[in-house]
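Visitor: Submitted below is the structure of interest, expressed as C-alpha cells.
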Amino acid sequence: MLDKFFSRRDFLKASAMTAAGGGASMMLAACNNSGGEKNDGGSDKKKVLRFGSTNSKQGLDMQRANNSQSAAVADSICEGLLRWTEDNELVPCLAKAVPSFESDGVTLKVELKSGVKFHDGTELTASDVKYTFERMFKPETGALSTSYFTDIKGAKEMLAGTATELEGLSVEDDTHLTFTLTVPNVAFVSALGISYACIFPKTACEAAGKDWGTGTHLIGTGKYKLAENDDTTAVKLVRFDDYHDGTPALDEIRITYYDDDNTKLLAYKNGDLDWCDLPSSLFKQYSDDAEIKDQITSYPTLGVNFINLNLKEGNGLDDVKVRQALSLAINRQELVDTFAHGNGIACSGWLPQQIPGFDKNAPVFEYDVEKAKALLAEAGVSDLKLTGKVRKASEKLLVAVQDYWQKAGITLDVQVEDNAVWNQDWAGGNLQVTTLGWYALFADGSQHLDTYFSSKNAAKKSSFYNNADFDTYLEDARKETDKDKRAEDYKAADNLLTRTDYATLPLFWPKNSFVAKDYVKGAKVGNLIYHFFDLDIDASSADYKAPED
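Quick note, the sequence shown lines up with residues 1 to 549 if you use full-length UniProt numbering.
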C-alpha cells in the first residue's frame, strides 16, 4: 500500500493482495505480446526513449527498495512469475499461467516457461525462484516489503533468524515449484505480480553480493538489460535480443534523474525528454501552456485522498452523528474542481473504480451544511473544536476542508509538522485529524481496506476503527476464491466503513498525469509505476530526433 507522501510513494505504504480463480483452473495469457519491430515505418533511426525521473537513491534491488522510481527501471530489467498490466490485469510472465490455489486454500503449484534466459545467457530454473524468495527473508538482506509474502510457510522463521530455508517453497524440477502458505490468502497470487517479487539469477546475485542493484550489478529476464548506471544522474538500458516473448520495440531507454520537477518539465519542453510525469503541483501551469497541453494525459490511480479520523475513545469523535456531520459539510465535487483543478473524481466510497468491490450504484457523498448542523445538534455538540496535524505537502488540502467545516460551525486548528514527527505521531495513534493519500500497489480490496482499517492495523494508522463485522468481511474475502463473491465482501466492508460508521472521510480519487511526445506510442500508466513494456517510438515521425551518440 502506498501513502503518496511517504518516500513516494513509499511502497508500503503497506500490505495485502487480489484474487485468483478457483480449483485447478488457470488463466492463460502472454506476459507481453506487444513486441515491436526495430525501425518501423522504413526509418533507419535508432529508437531511443528518453525518460525523466526522480532518483530515489535506494538502488535498483527491489527487495531493498520500496519506491516507484526504482521500480520503473528495475521492472524493465527483472520480471516476476506474473505481471500487472497497465490496465490493472494480472497476466503470466515467467509462469506459464496464472495459478489457482488447490482445494486446501494454501497450496499453489506454479509451472515456469521453458527456455527463458537471463541477460547473462543462463537459463531460468525453479531454483532461481526459490533462491530469490529465500534471499528476501534472510535478515541480512534487509528486504523492505516482505509483508506481502510472509504467509509462505517458514517465512517468519527465516526473518526471525530461526530458519535458513523456506519450508513453504519446494522445487520439483527445473520448471515446477509449489508454494505452501500457513493460512488461506487468495491475494497472495496477485502479489506475485508486483515489483518486489521479481526473480533473480542465483549465481549472478550471489557473486554481486551487497553490490546487487547498484552500478550495472542487476541481471534479469526482462525486455531490456542494464548497460550503464552511475547510481546518481542517469541509467541506460538496451534491448535484450534473446527476450522470451518477442522482440523488444526500443533500441535503448535513457533515464535521466532530476532533483527538481520544474527543471525536469523544462527539459521536456526543450526537447531533451520524450516522456515524464507531470506532478500535480505543475498540472495547472502546463495545462494552460498551449505548447504542452495537448501532450498531457491524465489517468486514474489506485489511490484515495481522505480525512483520517481518530476514533479512540475520548477523542471527541466517538459519535457517528458527529462523523456524518463532518462528511456532510464537505463539498467533494467542488474540492475536485478547485483544489485538484479537475484532476480527480469525487468519492462515493473508499475503493477506487478499478478495484473489485467498488459500488457503482453509490452516489457521491452528500453535501448538505444544514443537515450537518442538525446532526451536530442531535448529538448535543454546539462548539466542536478539532486539531488537524499534517505534513507540508497536505496543508492546502486540509485548509480547504477547514473552510468547509467552518461553515457548519466546526473549528479545525491546522498544524503543520515535520515529516518525521508526523510519521511518528501517525504510527503512534496521536493524530486527531489528518489527511493523506493512500495508494494500493495493485487492484485488490485487501490492499486498501485490510492494510488500513482492519482492527489489527487501524491503531497503527491513528484510526482505531474496530468493527467485528468489518473484520469478518475482510477475513471472508481473504479466503474466497470466487471473484464475484469476493468483490461483494469488499463492497459490503466499504459501505460499512464509509456510509454506516463514517469511520473515515474519503474525499476524491486522484488522477495523475504525464506528458509524452506524439511519436511515443503506447504511453500508459496503470497506477504509480512508469513501465516501458508496451512503449514504441514512431521513428518515421518528422518530430522524432534520434540521439546522435
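We put the CB at the ideal spot given by N, CA and C, even for glycine.
Model, not experiment: these values are computed from the prediction.
For alanine 207, which option in Asp536, Ala440, Leu218 and Ile345 has the closest C-alpha, if you only look at C-alpha atoms?
Guide: When only C-alpha atoms are compared, the closest one is Leu218.
Visitor: Where do the ends of the alpha helix (DSSP H) carrying glycine 68 lie?
Guide: Here residue 68 is serine; the residue named in the question, glycine, does not match the sequence. Residues 68–77.
Visitor: Taking only runs of the beta strand (DSSP E) that begin and end inside the segment 162–213, which ones reach a length of at least 3 residues, in chain order?
Guide: 169–173 and 176–180, all fully within the segment 162–213.
Visitor: Helix or strand or just coil, what does DSSP make of glycine 344?
Guide: Strand at glycine 344.
Visitor: If we count the other Cβ atoms within 10 Å of its Cβ and call it buried at 16 or more, is glutamine 432 buried or exposed?
Guide: It is buried - the Cβ of glutamine 432 has at least 16 other Cβ atoms within 10 Å.
Visitor: Span of the beta strand (DSSP E) holding tyrosine 224?
Guide: Residues 224–229.
Visitor: Have a look at tyrosine 258 and glutamine 69 and give me their C-alpha separation to the nearest angstrom.
Guide: The straight-line gap from Cα to Cα measures roughly 11 Å.
Visitor: Which residue spans inside the segment 373–452 form an unbroken beta strand (DSSP E) run of at least 3?
Guide: As far as the segment 373–452 is concerned, its whole beta strand (DSSP E) runs of at least 3 residues are 385–390, 411–416 and 433–439.
Visitor: Using a threshold of 8 Å, state whether the C-beta atoms of glycine 80 and isoleucine 199 are closer than that.
Guide: Yes, they are a contact pair.
Visitor: In chain order, what residues of the same chain lie with their CB nearer than 8 Å to the CB of histidine 339, ignoring the 5 residues before and after it?
Guide: In the sequence as presented, histidine is not what sits at residue 339; that position holds phenylalanine. Excluding residues within five positions, the ones whose Cβ falls inside 8 Å are Lys396, Leu397 and Ala400.
Visitor: Apart from the five residues just before and just after valine 73, which ones in its own chain have a Cβ nearer than 7 Å to its Cβ?
Guide: Result list for valine 73: Leu60, Val235 and Ile255, in chain order.
Visitor: By Cβ distance below 6 Å, which residues in the same chain neighbour tyrosine 268 in space, the five residues on each side in sequence not counted?
Guide: So the qualifying residues of the chain are Cys276 and Val515.
Visitor: Using only the alpha-carbon positions, how far apart do threonine 85 and proline 99 sit?
Guide: About 17 Å.
Visitor: Ignore the nearest five residues each way along the sequence and tell me which others in serine 298's own chain have a CB closer than 6 Å to its CB.
Guide: Closer than 6 Å at the Cβ level, and outside the excluded window around serine 298, lie Asn343, Lys511 and Ser513.
Visitor: Okay, do the segment 312–324 and the segment 357–365 touch, 3+ Cβ pairs below 8 Å being the bar?
Guide: The segment 312–324, when compared against the segment 357–365, does not touch it at the 8 Å Cβ threshold.
Visitor: If leucine 49 sits next to isoleucine 537, beta carbons under 8 Å apart, how far is it from one beta carbon to the other, in whole angstroms?
Guide: The pair is a contact, with the Cβ atoms about 6 Å apart (cut-off 8 Å).
Visitor: Whose C-alpha, out of Leu282, Gln406 and Met158, is nearest the C-alpha of lysine 293?
Guide: Here the closest residue by C-alpha is Leu282.
Visitor: Since serine 462 contacts asparagine 308 with CB under 8 Å, what's their CB separation in whole angstroms?
Guide: That pair is a contact at about 6 Å.
Visitor: Short of 6 Å in beta carbon distance, which residues of its chain neighbour lysine 47, apart from the five on each side in sequence? Order them along the chain.
Guide: These residues qualify, in order along the chain: Leu250, Asp251, Ile537 and Ala539.
Visitor: Of the choices Ala204, Gly161, Leu94 and Ala160, whose alpha-carbon is the least far from that of alanine 197?
Guide: It is Leu94.
Visitor: Could you tell me which residues DSSP pairs with aspartate 277 in its beta bridges?
Guide: DSSP lists Phe514 as partners of aspartate 277.
Visitor: Give every residue of the same chain whose Cβ lies closer than 6 Å to the Cβ of lysine 130, excluding the five residues on either side of it in the sequence, and list them in chain order.
Guide: Leu169 and Val171.
Visitor: What did DSSP end up calling tyrosine 268 once you bin it into helix, strand or coil?
Guide: Correct three-state label for tyrosine 268: helix.
Visitor: Contact check, glutamine 415 vs threonine 387 under 8 Å by CB: the rounded distance?
Guide: So it is a contact: roughly 7 Å between Cβ atoms.
Visitor: Take tyrosine 125 as the anchor and find which of Gly526, Ala523, Phe240 and Thr221 has the nearest alpha-carbon.
Guide: For the sequence presented, residue 125 should be read as threonine rather than tyrosine. Of the candidates Gly526, Ala523, Phe240 and Thr221, the one whose C-alpha sits nearest the C-alpha of threonine 125 is Thr221.
Visitor: The beta strand (DSSP E) spanning phenylalanine 133 covers which residue range?
Guide: Where phenylalanine 133 is concerned, there is no enclosing beta strand (DSSP E), although the alpha helix (DSSP H) it sits in stretches over 126–137.
Visitor: Thinking residue 551 and phenylalanine 188 are a contact (beta carbons under 8 Å), I'd like their distance in whole angstroms, please.
Guide: The structure shown does not extend to residue 551, since the chain is modelled only from 1 through 549, so no value can be given for it.
Visitor: Quick one: complete beta strand (DSSP E) runs, 3+ long, within the segment 458–521?
Guide: Counting only runs of 3 or more, we get 504–516.
Visitor: What three-state label does DSSP hand phenylalanine 339 in the structure shown?
Guide: Three-state DSSP puts phenylalanine 339 in coil, outside helix and strand.
Visitor: Looking at C-beta atoms only, is the number of pairs between the segment 325–332 and the segment 456–470 that lie closer than 8 Å three or more?
Guide: Short answer: they don't touch.
Visitor: Hey, quick one: how far does the beta strand (DSSP E) through valine 320 stretch, first residue to last?
Guide: Element bounds for valine 320: not the beta strand (DSSP E) but the alpha helix (DSSP H), 320–328.
Visitor: What is the rounded straight-line gap between the Cα of aspartate 260 and the Cα of glutamate 378?
Guide: Straight-line Cα distance between these residues: approximately 50 Å.
Visitor: Mapping DSSP to helix, strand and coil, what is asparagine 308?
Guide: In the structure shown, asparagine 308 sits in a strand (DSSP, three-state: E or B).
Visitor: Would alanine 71 be called buried (16 or more neighbouring beta carbons within 10 Å of its own) or exposed?
Guide: Buried, since its Cβ has 16 or more Cβ neighbours within 10 Å.
Visitor: In whole angstroms, what separates the C-alpha of threonine 354 from that of isoleucine 296?
Guide: Looking at the sequence shown, residue 354 is not threonine but glutamine. Cα-Cα distance, rounded: 21 Å.
Visitor: Would you call the segment 444–456 in contact with the segment 403–420, where contact means no fewer than 3 C-beta pairs closer than 8 Å?
Guide: The segment 444–456, when compared against the segment 403–420, does not touch it at the 8 Å Cβ threshold.
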